[in-house]
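Here's the structure we're looking at; comments come further down.
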């Protein structure tokens with residue numbers, strides 16, 4: 001009689017047994033035009049005026065060396081069973097990409113472009129001035145990498 005012996009089970013772990021992982025990978029379409037928010041010298045955030053183009057930006061630092069973050073919303077779709085059929089639902093994700101150089105942004109990353117976003121989840125409170133009794137805790141994706149997949153005019157596969 002043959003007896004089957006299973007190999008020993010190896011557990012997955014990083015350098016230490018209690019390592020945690022905060023990793024997000026999303027594939028979707030950019031839902032808003034990416035907005036650059038520059039950091040001023042004291043480290044505070046100054047929103048860019050939407051009426052200024054790159055040549056008209058008032059700044060002491062050349063536009064190609066602006067430190068700050070890019071912000072946009074990402075739409076991902078899913079299908080949910082609805083009675084006899086399926087309904088397509090969209091989830092919206094707030095994405096931030098911190099950068100040391102504004103010019104590193106890929107000009108193909110525009111509203112409607114299909115992208116992959118890799119990063120981590122970050123949480124923040126809605127009421128920083130403590131004016132309301134119970135502030136909401138919101139989630140955003142802090143992106144480490146944004147990769148372009150297709151232009152806005154191309155249709156995304158229904159399977160993604």
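Residue numbers (UniProt numbering): 1 to 160.
Virtual Cβ for every residue (Gly too), placed ideally from N, Cα, C.
Note that the coordinates shown come from a computational prediction; the quantities given were computed from them, not determined experimentally.
Can you tell me where the beta strand (DSSP E) holding residue i begins and where it ends?
i	result
residue 79	68-82
residue 110	From DSSP, residue 110 is part of no beta strand (DSSP E); its letter is neither H nor E.
residue 150	137-150
residue 90	85-99
residue 37	35-39
residue 162	No answer is possible for residue 162: the residues shown for the chain start at 1 and end at 160.
residue 26	24-30
Can you find the residues in the same chain that come closer than 8 Å, C-beta to C-beta, to residue i, ignoring five residues on each side of it along the sequence?
i	result
residue 24	117, 118, 119, 120, 121, 141
residue 22	120, 121
residue 86	79, 80
residue 225	In the structure as shown, the chain starts at 1 and stops at 160, and residue 225 therefore has no counterpart that could be examined.
residue 33	72, 110, 111
Report yes if the C-beta distance between residue i and residue j is below 8 Å; otherwise report no.
i	j	result
residue 114	residue 149	yes
residue 26	residue 90	no
Contact defined as beta carbons within less than 8 Å: I believe residue i pairs with residue j. What is the distance between those atoms, to the nearest angstrom?
i	j	result
residue 69	residue 37	5 Å
residue 100	residue 67	5 Å
Ignore the nearest five residues each way along the sequence and tell me which others in residue i's own chain have a CB closer than 7 Å to its CB.
i	result
residue 112	29, 30, 152
residue 147	115, 116
residue 88	77, 79
residue 41	none
To which residues of the same chain is residue i closer than 6 Å at the C-beta, ignoring the five residues directly before and after it?
i	result
residue 35	71
residue 135	125, 126, 127
residue 108	148
residue 20	none
residue 102	36, 66
residue 58	In this prediction, residue 58 scores a pLDDT of 47, lower than 50, which makes its location untrustworthy; the coordinate-derived value is nonetheless stated afterwards. No residues qualify anywhere along the chain.
Compute the minimum distance between the beta carbon of residue i and the heavy atoms of the ligand COA, and state whether it is under 7 Å.
i	result
residue 70	Because no ligand of any kind appears in the structure shown, any question about the ligand COA cannot be addressed here.
How about the stretch 129-142 and the stretch 89-97: do they share at least three Cβ pairs that are nearer than 8 Å? yes
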